[in-house]
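Let me begin by presenting the structure, written as C-alpha cells, before commenting on it.
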Amino acid sequence: GLAGGWSYGEIVGPSWAITGAGGSCLAMAQERLYAAHDAPFTAKGGLEVVAALRDAATWFAHQAEQDRADADARGDGPVERLRLRPHAGYSLWSLEKAMDQLGVEWIGDYHWWRAEVPGVLGLQRPDGSWGDEISTAFFLLFLNRSAVPLWPDDPAHARPAPATCTTDCRHYQGDRPCAPHKATGVE
C-alpha cells in the first residue's frame with residue numbers, strides 16, 4: 001500500500017480504520033507537544049509527528065480518490081462504495097476522530113465528512129439502524145462528529161491561532177494542518 005497508512009499487521013495492507021486510529025493517537029501526541037512546549041515543532045519528536053500526520057492524510061486522500069475512481073468504473077454510487085469498504089462504520093468513525101481532533105476539514109480536494117455522508121445516509125435501514133447495534137453506533141458517531149479537540153476550554157492547552165496556508169497545499173487544507181506544514185518548510 002501507499003506509505004502513510006497503517007494496518008493490523010503485515011499480512012493485510014493499510015486500512016481506513018487503523019490509519020484513522022493511528023492518526024488519532026498522533027493527534028493526541030501533537031496536543032501534548034502543544035501543551036508542553038512553546039515551540040512544539042522543534043520539540044523532540046515534533047517534526048516526526050507532523051510528518052506522520054502528513055503521510056496519513058496523504059494516504060486518506062489517495063485512498064478516497066482510488067475508491068471514487070473504482071466506484072465510477074463500476075458505475076457505483078456512494079452507497080455501493082461504502083458497502084464494499086470493510087467495517088465501514090468503524091472506518092469512518094476512525095477517520096472522523098483523527099480529522100476532527102486535528103481540525104481538518106479538507107484533505108486535498110476531499111472534504112472527508114461531506115463526501116461520505118450521502119453513502120452513510122443511503123445505508124440506513126427503514127428502522128433507523130445500520131444493521132447491528134455496533135455498526136449503528138459507529139455510523140451515528142461519524143454523523144454527529146463525535147470527536148472534539150482535546151482540552152478545548154483549557155487555556156493552558158489552547159491551540160495556536162489558526163494559520164492559513166499560502167500555498168496550494170495538496171495534503172492539508174484547513175486551520176490546523178497548515179501551521180505544521182508551513183513550520184516544516186514544505187511548500
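Residues in the sequence shown are numbered consecutively from 1, following the working numbering. Even glycine gets a Cβ: it sits at the ideal position worked out from N, Cα and C.
Counting Cβ pairs closer than 8 Å, one from the region 45-63 and one from the region 118-137, do we hit at least three? no
Neighbour-count burial assignment, residue 8, 16 or more Cβ in a 10 Å radius: By one-based count along the sequence shown, residue 8 stands at place 8. Classification for residue 8: exposed.
Buried/exposed call for residue 104, threshold 16 Cβ in 10 Å: Translated into positions along the sequence shown, residue 104 becomes position 104. Classification of residue 104: buried, given that the 10 Å Cβ count is 16 or more.
Leaving out five residues on either side along the sequence, give the residues of the same chain with a beta carbon under 7 Å from the beta carbon of residue 189. Nothing in the structure corresponds to residue 189, since the chain is present only between 1 and 187.
Considering only C-alpha positions, which residue in the set 46, 108, 121, 99 is nearest to residue 17? Counted from its first residue, the sequence shown places residue 17 at position 17. Among 46, 108, 121, 99, the Cα nearest to that of residue 17 belongs to 99.
Is the number of C-beta pairs between the region 135-144 and the region 86-93 that are closer than 8 Å three or more? yes
Per DSSP, which residues does residue 87 bridge with? Please list them. Residue numbering aside, residue 87 sits at position 87 when the sequence shown is read from its first letter. Its beta-bridge partners do not exist; DSSP assigns none.
On the CB-based measure, 16 or more other CB atoms within 10 Å of its CB, does residue 116 come out buried or exposed? By one-based count along the sequence shown, residue 116 stands at place 116. It counts as buried.
Alpha-carbon to alpha-carbon, residue 5 and residue 47: Residue numbering aside, residue 47 sits at position 47 when the sequence shown is read from its first letter. Residue numbering aside, residue 5 sits at position 5 when the sequence shown is read from its first letter. Taking the straight line from one Cα to the other gives about 18 Å.
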